[in-house]
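Notes follow once the structure below has been shown.
2 protein chains.
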Amino acid sequence: MTTSPSSRTSARTPTPERRLPGGPVLQDSVTEAIATAFFEELASSGYARLSLEAVAKRAGAGKAAIYRRWSSKLEMTVALASAVAVDAAGEIDTGTLRGDVLAFLTDVAGALRHSLPSRIVPDLLAECARNPELAQALFTAVRDTRRANATRMLERAVERGELPPEVDRELALDLLAGPLYWRLAVIRTPTAPDYLDRLTDKLLAAFTA
Amino acid sequence: MTTSPSSRTSARTPTPERRLPGGPVLQDSVTEAIATAFFEELASSGYARLSLEAVAKRAGAGKAAIYRRWSSKLEMTVALASAVAVDAAGEIDTGTLRGDVLAFLTDVAGALRHSLPSRIVPDLLAECARNPELAQALFTAVRDTRRANATRMLERAVERGELPPEVDRELALDLLAGPLYWRLAVIRTPTAPDYLDRLTDKLLAAFTA
DNA sequence: ACGAGACGGAACGCTTGCGTCTCGACTAGG
DNA sequence: CCTAGTCGAGACGCAAGCGTTCCGTCTCGT
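Top to bottom, those sequences are chains A and B.
For this note's numbering, count along the first sequence from 1 and bump the result up by 1.
For this note's numbering, count along the second sequence from 1 and bump the result up by 1.
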């Protein structure tokens, strides 16, 4: 089977639909333990070296419990990663462009300062350069969703008159996400406490240039 | 042996020091073939999955030829990657800040538009998040060198009066590299022909904000 | 002409992970 | 109470890659 994960257990599960705070929808405690172990192993080993044996062992589960839910490492990764990424992408609307930009940067920084996402995200992105199936799934589920969200953020600023209608959306989106990702996930250098504030000022200047 | 690669062959090699156009210093044709195969395998498999058997096979060499030169995959990667990265990092000095910025962006774009570096660079960066030894070696050999180069570029602009002396160097460096890397290596979206020009304009505005 | 040493290639024993399969234990619905 | 289904655990055969060791060949410098 290559479709909906966990469909085999969903009929008979003791806690039919439990929701972790901030986490994806998980069907039961076994699925939850497997997902947690999966992300921990993914962070420490990377996708390429990820061993489902290690995931099972860390989750205190049997390998069969994994294969009962997902048919392969790829399908498992797409399902779990898309779930948390979509779940974590909340709409931002503070009423001002500066507020929106700062909130966006704060969100990103909050995620990338944690060791799990800061290891997992670059790893999956590198894997996407090599694995078209993973790339297609993650790009449509995560990248395109987030980019559409951020575009709406810019459109609202245009409507409010904070940005000229002819503002270069593409360039603005790259400016919005690039420097912070570069700082935290690429060169991995800590930031001063007012870094996001100063970055926000520069970005606003660049947008209207 | 954990030091200088190829030291065992350098005494007796038929072509004592041959230099590829744009490539690192390679001691002889076997080392050269191994290095080429190494980067091709690295691009298609990633560091974690890289198999020295596959490198040897692709190079038309025996595994012993590899182990005679480097003691491990890690040492081999550090040596070869540092060599090309340092080799490719040329000083930029066009005389104007705008010229320097555009030249820098053009360099980066030129590299990241090729399939080998655009797959290898994100992969090694992701691996650095997981492998302290690799991170230490690559960060000091590549990241710090390049960042120092770019800092000098900013200082020259300050001396020319193109930037105020109190310009935020750290932030400027992140703005310089982040958006383009994001665009080409993270979200992997093609750019319009005048993208670098427009990006340069925005960056100059942000620097002096 | 000779010996030293690197060469490509193949096999070695060993480890890891794959995906499947079989256990006995536990639990829930009928 | 019974039975169907999941549970953890782990053995299975298979494949790949590790690092090493040998082989016979080739090309040097002496």
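For glycine and all other residues, C-beta sits at the position ideal for the given N, C-alpha and C.
{"Item": "Does the beta carbon of K212(B) sit closer than 8 Å to a beta carbon anywhere in chain A?", "Value": "One cannot answer for residue 212(B) here, as it falls past the ends of chain B, which runs 2 to 210."}
{"Item": "Figure out for me which residue from D29(B), G179(B), I188(B) has the closest Cα to the Cα of L106(B).", "Value": "G179(B)"}
{"Item": "Starting from the Cα of K58(B), find the closest Cα among E171(B), W71(B), S72(B), A36(B) and give me that residue.", "Value": "A36(B)"}
{"Item": "Give the straight-line distance between the Cα atoms of G61(A) and T209(B), rounded to the nearest whole angstrom.", "Value": "56 Å"}
{"Item": "In chain B, which residues lie less than 7 Å from V187(A) when you measure between Cβ atoms?", "Value": "L126, Y182"}
{"Item": "Should A207(A) and L176(A) be called a contact, given that it needs their Cβ atoms to be closer than 8 Å?", "Value": "yes"}
{"Item": "Check whether the Cβ atoms of A110(A) and L174(A) sit closer than 8 Å, and answer yes or no.", "Value": "no"}
{"Item": "My parser needs the alpha helix (DSSP H) runs of 4 or more residues fully inside the stretch 137-197 of chain B; what are they?", "Value": "145-160, 170-182"}
{"Item": "Could you please tell me which residues of the stretch 110-122 of chain B, in chain order, have their CB closer than 8 Å to any CB of chain A?", "Value": "S119, R120"}
{"Item": "Ignoring anything shorter than 4 residues or poking outside the stretch 34-63 of chain B, list the alpha helix (DSSP H) runs there in chain order.", "Value": "53-60"}
{"Item": "Based on Cα-Cα distance, which residue from L139(B), R189(B), K203(B) lies nearest to P133(A)?", "Value": "R189(B)"}
{"Item": "Does G96(A) come out as helix, strand or coil in the three-state DSSP assignment?", "Value": "coil"}
{"Item": "Would you call K203(B) buried or exposed, if buried means 16 or more other Cβ atoms sit within 10 Å of its Cβ?", "Value": "buried"}
{"Item": "According to DSSP, is T209(B) part of a helix, a strand, or is it coil?", "Value": "coil"}
{"Item": "Mind checking A149(B): buried by the 16 CB within 10 Å criterion, or exposed?", "Value": "exposed"}
{"Item": "In whole angstroms, give me the CA-to-CA distance for E156(B) and R147(B).", "Value": "14 Å"}
{"Item": "Give the secondary structure of S83(A) by DSSP, where H, G and I count as helix, E and B as strand, and everything else as coil.", "Value": "helix"}
{"Item": "Look up G91(B) in the DSSP assignment and say whether it is helix, strand or coil.", "Value": "coil"}
{"Item": "Determine, using beta carbons only, whether E128(A) and L117(A) come nearer to each other than 8 Å.", "Value": "no"}
{"Item": "At which residues does the alpha helix (DSSP H) containing R120(A) begin and terminate?", "Value": "116-129"}
{"Item": "What whole-angstrom Cβ distance do P191(B) and L126(A) have, given they're in contact under 8 Å?", "Value": "Going by Cβ atoms, the distance from P191(B) to L126(A) rounds to 17 Å, so no, they are not a contact pair."}
{"Item": "Answer yes or no: do T201(A) and R99(A) have a C-beta to C-beta separation smaller than 8 Å?", "Value": "yes"}
{"Item": "Would you decide whether R120(A) is buried or exposed? Buried here means 16 or more other CB atoms lie within 10 Å of its CB.", "Value": "buried"}
{"Item": "Please name the residue in D108(B), L181(B), R131(B), D169(B) whose C-alpha comes closest to that of G91(B).", "Value": "D108(B)"}
{"Item": "Which of the three DSSP states is assigned to S72(A) in this structure?", "Value": "coil"}
{"Item": "Using the C-alpha atoms, what's the distance from A104(A) back to V79(A)?", "Value": "27 Å"}
{"Item": "Output needed for L181(A): all residues of its chain with C-beta closer than 7 Å, excluding positions within five of it in sequence on either side, in chain order.", "Value": "L106, V109, A110, L200"}
{"Item": "Name the chain A residues whose beta carbon is nearer than 7 Å to that of K203(B)?", "Value": "L172, L176, A207, A210"}
{"Item": "Out of curiosity, what's the CA-to-CA distance linking D101(A) and M154(A)?", "Value": "7 Å"}
{"Item": "Against S45(A), what residues of chain B qualify as contacts under a CB-to-CB distance less than 9 Å, listed in chain order?", "Value": "R131"}
{"Item": "Could you have a look at D29(B) and say whether DSSP puts it in helix, strand or coil?", "Value": "coil"}
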